[in-house]
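Protein chains in written order, with numbering that gives the first Met the number 0: chain X, 0 to 319; chain A, 0 to 340.
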Amino acid sequence: MTELSLARGTVDRDRVLRLLQGYGVYAGVVVLLLFNLAFTPHFASAENFRTQAVQVAPVLIVALGMALAIGTEGVDLSVGSVMALSTSLLSLYLGYGPWIAVLSAVVGGIVVGLANGALIAFVGVQPIVATLALMVAARGLALVLLPQLKDVHDPGMAALGSGAVLGIPYLVLIAVALALLVAFAVRRSTFGRQLLAIGDSRPAARLAGLPVRRVLILVYVCSGVLAAIAGVLATARLTASDPTSLGTLMELSAITAVVVGGTPLSGGRVRIGGTVAGAVLIQLLTTTLIKHDLPPSWTQIAQAVVIVGAVYAARERGKR
Amino acid sequence: MPAESTAAARPSAAVTDGEPPGAGRQERLSALAQQHGALVTLVIAMVAASLSFDTFLTGDNLENMALSSAFLAVVALGMTFVIVTGGIDLSVGSLFALGGVLAAWGSQYGTAVALLLPLVVCGLVGLVNGLLIARSGLAPFIVTLAAMLGARGVLLTLTDEGSRTYLVDKGSFFAKLGQGSLFDIGVPVWITLALFVLGAVVLRRTRFGQYVYAVGGNEDAAALMGAPVARTKIAVYTLSGLCAGLAGALNAAWLLSGVTILGSGMELEAISAVVIGGSLLTGGFGFISGTLVGVALLKVIQNVINQIGSLDSAYQQVVSGAFLAAVVVAQTWLGRRQRVL
């Protein structure tokens, strides 16, 4: 009798732990939300929620691409620089109309993604090194194209940055749409299944006859395009192109969102819902610390602790 | 040739001899290219630069380049050990800045404090990195990424969000460590050279160095051989932290202040220098001297781009990035590493 109940107790504890690890990020978001609703003045207003959502949108979009790269057991460090390149191209081509400008920004993202993908898929360079090289080069290129901050005066861009439908900003709508699209691609498309198979075991995927190289290149192109879109949206919101500082440390925030959201660094699994929650969690954490008059540098320390904690928890789950 | 085939049959021996696994004729040629490619490129670049600019080979310019390379070189020295174990340390840029600020603050209490404080703090961060990586099996890049964020956060907290600058007293002995010179060559350059000799001896001539190669070559094999894998990893990350902190302290002595914005992007420069110097990011293979050549090559390229003048300094980054990519591609092709694909 005692043995049986003990055994059942262990199973329950296991399940609770697993639930906590799988859904801890959602719990974290809820706790921070409740805390802020209770103790932070001026938090519970539609205006504040809108601001928070608009701030989280670019990070979230970049994190979606990062989740794909991490799903293949890779990483994309060049995303911040792609945002900078995208904002430079946008300013450069704005004279030809906003659509051409946005298109050129996206093409910039595609080119960097292709370069990353080619180095990783064809040459066999480790993702961290390949994207490191592109991180340095793309930031340089962005600064070559646009040496300093430039204001963006374009009605289309202004509308994109501050417009809203039914009170929901365009930026948030676009981010949500992209998240749904990426989630669908991961869950339901052939590309998604191939991506996960490659992340699980590349030799096995290769033996199974999957187009490993094509999928890898596509993953890094997706990441580049998403980062470029994030760059466009950030530019529209700030109404200025700042290739020097736009997107700096973005790779960190994106990786944090993905990892905290429960996507393992070892690849083979991608959790888009978790990534969204991870991005929101970081945003809420930052807001909480700032609104309670803690210096901004503390948010960096807090973020560092959260990253290590999340990876540590994931490690326990992997070992189990 | 039987001698060659035995060498090829004993890859672990080849690794400890400083040759990449596999040692056929072609592999040897490519190993040679990998070992001395950077040096040849450096010589070509220097000859081309001295022919193009009268100002390049002047004593002042060389002295300046050596001085400004010294700090990066010390950081890259620690990074070399980490990379040879197959790891990576992204926290060095933040630790460099943190070390500088701590040294500048500590210099008011004397040289010993100014040197010890950054060494202790940055060494501790490195130790924590190493413990998390070695004992908990977390990915090096994610742990050191977190350390990079955390150390930068601590640095900002110490300096009132970067608004306060600590100055080093110009007359102090500590300032001489950065500003003084011996035989017309700056003290930091001498310190750096001494550290590199020491580092080379440790990596090539000590048991610890053998363990570093073994862990990077094949961790499981190293463990079976009886090498203390975890302890070796902890040691290299601690070493990397110590080097970054020391480099920051020396830099503060040179600049006479702890500058908070320094060191961002330095991890990239250090990794580039190590990789350009011939060390393999997959671990198990690399040299200290190569790292020194790698740093020199990066600085010469920077100097040339600066001298061209008409070129924007942003080109420096484009060239550096393209260069790193080219070197890594060449390494992968020359080294005939096992293809993942």
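C-beta atoms are modelled at their ideal positions from N, C-alpha and C, and glycine is treated no differently.
Note that the structure is predicted; figures quoted are calculated from it, not measured.
Next item on the list: Could you tell me which residues DSSP pairs with residue 83 (chain X) in its beta bridges?
Entry: Counted from its first residue, the first sequence places residue 83 (chain X) at position 84. Answer is none; residue 83 (chain X) lacks a bridge partner.
Item checked: Beta-carbon spacing of residue 271 (chain X), residue 71 (chain X) below 7 Å -> Residue numbering aside, residue 271 (chain X) sits at position 272 when the first sequence is read from its first letter. Residue numbering aside, residue 71 (chain X) sits at position 72 when the first sequence is read from its first letter. The answer is no: Cβ separation not under 7 Å.
Note to self: Please return the same chain residues whose Cβ sits closer than 8 Å to the Cβ of residue 71 (chain A), not counting the five positions on each side in sequence.
What the structure shows: Working through the second sequence from its first residue, we reach residue 71 (chain A) at position 72. If we look at residue 71 (chain A) and ignore the five residues flanking it on each side, its Cβ neighbours are 246, 265, 268, 269, 272, 294, 297, 298.
Checklist line | Rounded straight-line distance, which links the Cα of residue 185 (chain A) to that of residue 179 (chain A) | finding: Taking the second sequence and counting its residues from 1, one reaches residue 179 (chain A) at position 180. Taking the second sequence and counting its residues from 1, one reaches residue 185 (chain A) at position 186. Looking at the two C-alpha atoms, the distance is approximately 6 Å.
Notebook entry, point to check: Nearest-angstrom Cα distance between residue 324 (chain A) and residue 129 (chain X)?
Noted result: On the second sequence, position 325 is the one that residue 324 (chain A) refers to. On the first sequence, position 130 is the one that residue 129 (chain X) refers to. Taking the straight line from one Cα to the other gives about 7 Å.
Note to self: I'd like to know if residue 236 (chain A) contacts chain X, where contact means its C-beta is closer than 7 Å to some C-beta of that chain.
What the structure shows: If you number the second sequence from 1, residue 236 (chain A) lands on position 237. Residue 236 (chain A) does not count as touching chain X.
Check: With 16 as the cutoff for other CB atoms within 10 Å, does residue 232 (chain A) come out buried or exposed?
Finding: The residue given as residue 232 (chain A) occupies position 233 in the second sequence. Buried is the call here.
Margin query: As a quick exercise: from A:321, A:285, A:302, pick the residue whose alpha carbon is nearest that of residue 77 (chain A).
Written below: By one-based count along the second sequence, residue 77 (chain A) stands at place 78. Among A:321, A:285, A:302, the Cα nearest to that of residue 77 (chain A) belongs to A:285.
Checklist line | Element boundaries [alpha helix (DSSP H), containing residue 187 (chain X)] | finding: One-based indexing of the first sequence puts residue 187 (chain X) at position 188. Where residue 187 (chain X) is concerned, the enclosing alpha helix (DSSP H) stretches over 169-187.
Check: Beta-carbon of residue 61 (chain A) versus every beta-carbon of chain X: anything under 7 Å?
Finding: Your numbering for residue 61 (chain A) matches position 62 in the second sequence. Not an interface residue.
Note to self: Quick check: residue 74 (chain X) and residue 111 (chain X), are their CB atoms within less than 7 Å of each other?
What the structure shows: Against the first sequence, residue 74 (chain X) aligns to sequence position 75. Against the first sequence, residue 111 (chain X) aligns to sequence position 112. At a Cβ-Cβ threshold of 7 Å, residue 74 (chain X) and residue 111 (chain X) do not count as neighbours.
Check: Can you name the residues that DSSP bridges to residue 181 (chain A)?
Finding: On the second sequence, position 182 is the one that residue 181 (chain A) refers to. Residue 181 (chain A) is bridged to A:184.
Check: So is residue 316 (chain X) in contact with chain A if we call contact Cβ pairs under 7 Å?
Finding: Translated into positions along the first sequence, residue 316 (chain X) becomes position 317. Only weak support is given to the placement of residue 316 (chain X): the predicted model assigns it a pLDDT of 48, under 50, and the question is left unresolved by the model.
Check: So, using beta-carbon positions, are residue 74 (chain A) and residue 193 (chain A) closer together than 7 Å?
Finding: Mapped onto the second sequence, residue 74 (chain A) falls at position 75. Mapped onto the second sequence, residue 193 (chain A) falls at position 194. No, these two residues do not count as a Cβ contact at 7 Å.
Check: Are the beta-carbon atoms of residue 103 (chain X) and residue 88 (chain X) separated by less than 7 Å?
Finding: Here the question's residue 103 (chain X) lines up with position 104 in the first sequence. Here the question's residue 88 (chain X) lines up with position 89 in the first sequence. Cβ atoms of residue 103 (chain X) and residue 88 (chain X): closer than 7 Å.
Next item on the list: Report the three-state DSSP secondary structure of residue 123 (chain X) (helix, strand or coil).
Entry: Walking along the first sequence from the start, residue 123 (chain X) turns up at place 124. Reduced to three states, the DSSP call for residue 123 (chain X) is coil.
Next item on the list: Kindly indicate which three-state DSSP category residue 16 (chain A) falls into: helix, strand or coil?
Entry: Taking the first residue of the second sequence as 1, we reach residue 16 (chain A) at position 17. Reliability fails at residue 16 (chain A), whose pLDDT of 44 lies under 50, so the model's placement of it is uncertain and the value that follows must be treated cautiously. Here residue 16 (chain A) sits in coil by DSSP.
Margin query: Nearest by alpha-carbon distance to residue 212 (chain X): which of X:120, X:28, X:163, X:91 is it?
Written below: As a working note, residue 212 (chain X) is residue 213 in the first sequence. The option with the nearest alpha carbon to residue 212 (chain X) is X:120.
Next item on the list: Let me know the secondary structure DSSP gives residue 280 (chain A) once reduced to three states.
Entry: Locating residue 280 (chain A) in the second sequence gives position 281, where the first residue counts as 1. DSSP places residue 280 (chain A) in coil when its eight states are reduced to three.
Next item on the list: Would you grab the beta carbon distance between residue 195 (chain X) and residue 218 (chain X) for me? Rounded to a whole angstrom, and I think it's under 8 Å.
Entry: Sequence index remark: in the first sequence, residue 195 (chain X) carries index 196 (1-based). Sequence index remark: in the first sequence, residue 218 (chain X) carries index 219 (1-based). About 11 Å; that fails the 8 Å criterion.
Item checked: Test: residue 240 (chain X) CB closer than 7 Å to a CB of chain A -> Indexing the first sequence from 1 puts residue 240 (chain X) at position 241. Residue-level contact by beta carbon fails for residue 240 (chain X) and chain A, as no gap is shorter than 7 Å.
Check: Under a Cβ-count criterion, where at least 16 other Cβ atoms within 10 Å of its own Cβ denotes burial, should residue 285 (chain X) be classed as buried or exposed?
Finding: Position 286 of the first sequence, counted from the start, is the residue given in the question as residue 285 (chain X). Result: buried.
Notebook entry, point to check: Does the region 187-204 of chain A come close enough to the region 150-159 of chain A to have 3 or more Cβ pairs within less than 8 Å?
Noted result: no
Notebook entry, point to check: What are the boundary residues of the alpha helix (DSSP H) that residue 79 (chain A) is part of?
Noted result: Indexing the second sequence from 1 puts residue 79 (chain A) at position 80. Where residue 79 (chain A) is concerned, the enclosing alpha helix (DSSP H) stretches over 58-83.
Note to self: Runs of 4 residues minimum, wholly inside the region 201-244 of chain A: which ones carry the alpha helix (DSSP H) assignment?
What the structure shows: 206-216, 218-224
Next item on the list: Report yes if the CB atom of residue 125 (chain A) is closer than 7 Å to the CB atom of residue 236 (chain A), and no otherwise.
Entry: Working through the second sequence from its first residue, we reach residue 125 (chain A) at position 126. Working through the second sequence from its first residue, we reach residue 236 (chain A) at position 237. A contact, by the Cβ cut-off of 7 Å.
Check: Are there three or more Cβ pairs, one per stretch, closer than 8 Å when the region 287-303 of chain X is compared with the region 32-40 of chain X?
Finding: Three or more Cβ pairs drawn from the region 287-303 of chain X and the region 32-40 of chain X lie within less than 8 Å of each other, which places the two stretches in contact.
Checklist line | Below-7 Å beta-carbon distance, residue 260 (chain X) vs any chain A residue | finding: To locate residue 260 (chain X), count along the first sequence from 1; it is residue 261. Chain A, which has no Cβ nearer than 7 Å to the Cβ of residue 260 (chain X), makes this no.
Note to self: Classify residue 146 (chain A): buried if its beta carbon has 16 or more other beta carbons within 10 angstroms, exposed otherwise.
What the structure shows: As a first step, residue 146 (chain A) is located in the second sequence; it is residue number 147 there, counting from the start. Buried is the call here.
Next item on the list: Check the DSSP bridge columns for residue 164 (chain X) and list the partner residues they point to.
Entry: Position 165 of the first sequence holds residue 164 (chain X). X:167.
Check: Secondary structure at residue 288 (chain A), three-state DSSP: helix, strand or coil?
Finding: Residue 288 (chain A) sits at position 289 when you count from the first residue of the second sequence. Reduced to three states, the DSSP call for residue 288 (chain A) is helix.
Margin query: According to DSSP, is residue 133 (chain A) part of a helix, a strand, or is it coil?
Written below: On the second sequence, residue 133 (chain A) is found 134 positions in, with the first residue counted as 1. Note: residue 133 (chain A) maps to helix in three-state DSSP.
Notebook entry, point to check: Once you ignore the five residues that flank residue 302 (chain A) on each side, which residues in its own chain have a CB closer than 8 Å to its CB?
Noted result: Here residue 302 (chain A) refers to the residue found at position 303 of the second sequence. Contacts found: 48, 55, 60, 64.
Notebook entry, point to check: Taking Cβ positions only, does residue 151 (chain A) come closer than 7 Å to chain X?
Noted result: Position 152 of the second sequence, counting from 1, holds the residue named residue 151 (chain A). Yes, contact with chain X.
Checklist line | Length at least 4, wholly inside the region 12-58 of chain X: the alpha helix (DSSP H) runs in chain order | finding: none
Margin query: Can you tell me which residues form a DSSP beta bridge with residue 257 (chain A)?
Written below: As a working mapping, residue 257 (chain A) is identified with position 258 in the second sequence. DSSP output for residue 257 (chain A) lists A:165 as bridge partner(s).
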